[in-house]
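Engineer:
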Amino acid sequence: MSNQVDTLSAESPVILMPTSIEKAVELKSHYGLNGEFVSGATLLQLQWLNGRKTPEQIISLEQLTELKSIQFDQHKGELSIGALTPLGSYQTHKILKEFPIICTALKSIAAPGIRNRGTIGGNIMGRVGDLIPFLSALSAKLVFQDVKGVKQIEIWDWFQQTSNSDLLLSHILIPLDRDMLESYTFYRKVGRRETFTAAILTVSGKIKWDEEGNIINAKLAVGGGDNKPMRLEKTEQLIIGRNATHLDWKTIFSTVTEEFVATEDAFVSSSYRKKVAANLIVAELQSQFAKE
Numbered sequence: 001m002s003n004q005v006d007t008l009s010a011e012s013p014v015i016l017m018p019t020s021i022e023k024a025v026e027l028k029s030h031y032g033l034n035g036e037f038v039s040g041a042t043l044l045q046l047q048w049l050n051g052r053k054t055p056e057q058i059i060s061l062e063q064l065t066e067l068k069s070i071q072f073d074q075h076k077g078e079l080s081i082g083a084l085t086p087l088g089s090y091q092t093h094k095i096l097k098e099f100p101i102i103c104t105a106l107k108s109i110a111a112p113g114i115r116n117r118g119t120i121g122g123n124i125m126g127r128v129g130d131l132i133p134f135l136s137a138l139s140a141k142l143v144f145q146d147v148k149g150v151k152q153i154e155i156w157d158w159f160q161q162t163s164n165s166d167l168l169l170s171h172i173l174i175p176l177d178r179d180m181l182e183s184y185t186f187y188r189k190v191g192r193r194e195t196f197t198a199a200i201l202t203v204s205g206k207i208k209w210d211e212e213g214n215i216i217n218a219k220l221a222v223g224g225g226d227n228k229p230m231r232l233e234k235t236e237q238l239i240i241g242r243n244a245t246h247l248d249w250k251t252i253f254s255t256v257t258e259e260f261v262a263t264e265d266a267f268v269s270s271s272y273r274k275k276v277a278a279n280l281i282v283a284e285l286q287s288q289f290a291k292e
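Residues 1 to 292, numbered by the numbering used here, are exactly what the sequence shown covers, in order.
1) Assign residue 87 to one of three DSSP states: helix, strand, or coil.
2) The beta strand (DSSP E) spanning residue 127 covers which residue range?
3) For residue 264, I'd like the list of residues in its chain whose CB is within less than 6 Å of its CB, leaving aside the five on either flank, ordered along the chain.
4) If we ignore side chains and look at the alpha-carbon of each, how far apart do residue 123 and residue 130 end up?
5) Return the chain-ordered list of same chain residues with a C-beta closer than 6 Å to the C-beta of residue 204, the five sequence neighbours on each side being excluded.
6) Look up residue 73 in the DSSP assignment and give the residues it is bridged to.
7) Taking its Cβ as the centre, do 16 or more other Cβ atoms sit within 10 Å of residue 276, making it buried, or is it exposed?
8) Which of the three DSSP states is assigned to residue 250 in this structure?
9) Residue 92 and residue 119: beta carbons closer than 8 Å?
10) Rounded to a whole number of angstroms, what is the C-alpha to C-alpha distance between residue 23 and residue 81?
11) I'd like to know whether the C-beta atoms of residue 182 and residue 148 end up nearer to each other than 8 Å.
12) Span of the alpha helix (DSSP H) holding residue 175?
13) What is the DSSP secondary structure of residue 32, reduced to helix, strand or coil?
14) Is the stretch 58-78 touching the stretch 145-160 in the sense that three or more CB pairs, one from each, lie closer than 8 Å?
15) Compute the Euclidean distance between the alpha carbons of residue 272 and residue 103, then round it to the nearest angstrom.
16) For a test of the three-state rule: what should DSSP assign to residue 287, helix, strand or coil?
17) For residue 188, write down the residues that DSSP places opposite it in a beta bridge.
18) Whole angstroms are fine: how far does the CA of residue 79 sit from the CA of residue 175?
19) Are residue 170 and residue 266 closer than 8 Å when you measure CB to CB?
20) Ignore the nearest five residues each way along the sequence and tell me which others in residue 26's own chain have a CB closer than 7 Å to its CB.
21) Determine whether the beta carbon atoms of residue 199 and residue 189 lie at a separation below 8 Å.
22) Going straight from the alpha carbon of residue 228 to that of residue 109, what length do you get?
23) Let me know the secondary structure DSSP gives residue 104 once reduced to three states.
24) Which partner residues of residue 242 appear in the DSSP bridge assignment?
25) CA-CA distance, residue 121 and residue 172?
26) Tell me the residue span of the beta strand (DSSP E) that contains residue 144.
Structural data, given as structure tokens:
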């Protein structure tokens, strides 16, 4: 059963605190657009201050401890991260510490105070977070729940759909390689300052190649800041099937700059963002494949 907290004014939202996922999605189904799931709320608070309508009912997820779990299934080769896991958990959680690339991504988001409060799920559900391109490159899946049940969807497929706020994100599933094929994963963020900065952009990728050096799979993604997260599918197809040591770096650079739809503001031009993204991706690939 949920609890309601008295509000200070007629305009303040009612805070509901369900103690189970089932009750949380039931409340969301009942209130519809007038209710909103909230946990850390670091992004939502900024949006509300900037004019987004405050919901009449806030459905707090703070008591749903099962959404804060982190588990590694060695048999499936899969890392499961609860949606309410704080961004700063990379500092203390022993399982996360086993995956340095994930820790690197989490460490790059916002300032320490925000990371201690903000959640991994919140960064994703805001649909602009730095984790979206990163998890897209890793082929991560999102686990959602509503009154009809549980469903899984790959994050990139979800991102391309119209937002469905009735769904509760419960876990993120990250598949890990179990075969003997070589692979390389990277994540890079470029910001204006070292901490608490909106990204100029982020780039992420995962490349797999066989014993003969032929690239058999590639996922490249960009986003960050005001840039809409996107997969660089043309660039991916350009390198898949090619021998890694004979990549055409100039063509890859040109394809990235043509494909990346970058934003522009008073500080950074879209042309600059395109070139930075292309340089980072080429540099990461060259670090693995360029001839000496």
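Idealized CB from N, CA, C, for every residue including glycine.
Structural biologist: Taking the definition as stated:
1) Three-state result, residue 87: helix.
2) Segment: none, residue 127 is in no beta strand (DSSP E) and carries neither H nor E.
3) 270
4) 7 Å
5) 133, 134, 137, 187 and 221
6) 78
7) buried
8) helix
9) no
10) 21 Å
11) Contact flag unset, no.
12) Careful: residue 175 lies outside any alpha helix (DSSP H), inside the beta strand (DSSP E) at 168-175.
13) When secondary structure is reduced to three states using DSSP, residue 32 falls in the helix class.
14) The stretch 145-160 vs the stretch 58-78: no contact.
15) 27 Å
16) In the three-state DSSP reduction, residue 287 falls in the helix class (H, G or I).
17) Paired residues: 203.
18) Between residue 175 and residue 79, the C-alpha separation is close to 6 Å.
19) no
20) 147
21) yes
22) 16 Å
23) Annotated three-state conformation of residue 104 is helix, per DSSP.
24) Partner(s): none; residue 242 has no beta bridge.
25) 8 Å
26) 141-146
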